[in-house]
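Novice: This is the structure I want to talk about, given as structure tokens.
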Amino acid sequence: MGRSLYDELAPEQAASARRRLAGKRAHDDGLAFEHRLDDLHKLYQGAGRATVVKVPAPYRVLKMLPMGRFMGVFEDRGPPDYMGVVDGHAVAFDAKHSSDTPWAFAKLAEHQARYLDASQLQGAFAFLALSVAGRVWVMPWSALGPRWWAWFAQPGRAERGTASLSIADLDAIGHRCQGCDWLPVVAKLLGVP
């Protein structure tokens, strides 16, 4: 069997390179999940089933570049990834992807949880579209939020099994989707025919 690139590196360099590669794969997988959702949202819009838009983080343009491009900086942390309307009902959700099980609460940032809380308080159906190990769930914030905040209140001191959700936990408080198609699940939870 041949030698890998990692065999040429010192152990700490190899470990660092593996972590970077794993981080890049996770980032790329997350982007692929969001692209699948974006394509699905175009289908929803075209069929008149829902209007959903991706919401960028606030940014400031520093310099205009050729061909409609620009250099900019983020000014603040962004709202949930997506907002929209399903049969007259506001929805706000964040898309999260993980190849790992269980899904760790640390993968959701505090500002994202606060936006989901605020959206829910204003009457929107807030949730996570959560892709874990090749399956997708709608995780209503009304069920997930209290668990997440309980974990967040105990940084570094969470009891075993309370800092993440296993597949069984996801099935218990979430709702599985057919592929990435979250709309039928949300419509049923909203009581939309």
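Numbering (our numbering), first residue to last: 4 to 196. Note that CB positions come from ideal geometry on N, CA and C, so glycine has one too.
1) List in chain order: all unbroken beta strand (DSSP E) runs of 3+ residues lying wholly within the segment 95-171.
2) Within its chain, find whatever has a CB closer than 6 Å to the CB of residue 71; leave out the 5 residues flanking it on each side and keep chain order.
3) If you run the structure through DSSP and keep just helix, strand and coil, what is residue 189?
4) Less than 8 Å between the beta carbons of residue 111 and residue 177, yes or no?
5) Among the candidates 138, 137, 169, 136, whose CA atom is the shortest distance from the CA of residue 147?
6) Consult DSSP for residue 90 and reduce its assignment to one of helix, strand or coil.
7) Sorted by chain position, which residues of the same chain lie with C-beta nearer than 8 Å to residue 155's C-beta, five sequence neighbours on each side aside?
8) Judging by CA-CA distance, which residue of 85, 62, 84, 92 is the nearest neighbour of residue 78?
Specialist: Reading off the structure:
1) Fully enclosed beta strand (DSSP E) runs of 3 or longer: 128-135, 138-143.
2) As a working note, residue 71 is residue 68 in the sequence shown. In its chain, beyond the 5 residues on either side, no residue has a beta carbon closer than 6 Å to the beta carbon of residue 71.
3) Residue mapping note: residue 189 aligns to position 186 of the sequence shown, counting from 1. Secondary structure at residue 189: helix, using DSSP grouped into helix, strand and coil.
4) The count along the sequence shown starts at 1 and reaches residue 111 at position 108. The count along the sequence shown starts at 1 and reaches residue 177 at position 174. Contact: no.
5) Numbered from 1 along the sequence shown, position 144 holds the residue referred to as residue 147. Of 138, 137, 169, 136, the smallest CA-CA separation from residue 147 is found for 169.
6) The residue given as residue 90 occupies position 87 in the sequence shown. Correct three-state label for residue 90: coil.
7) In the sequence shown, the residue the question calls residue 155 occupies position 152. Within the same chain, residue 155 has close Cβ partners 108, 113, 116.
8) Position 75 of the sequence shown, counted from the start, is the residue given in the question as residue 78. The shortest C-alpha separation from residue 78 is found at 62.
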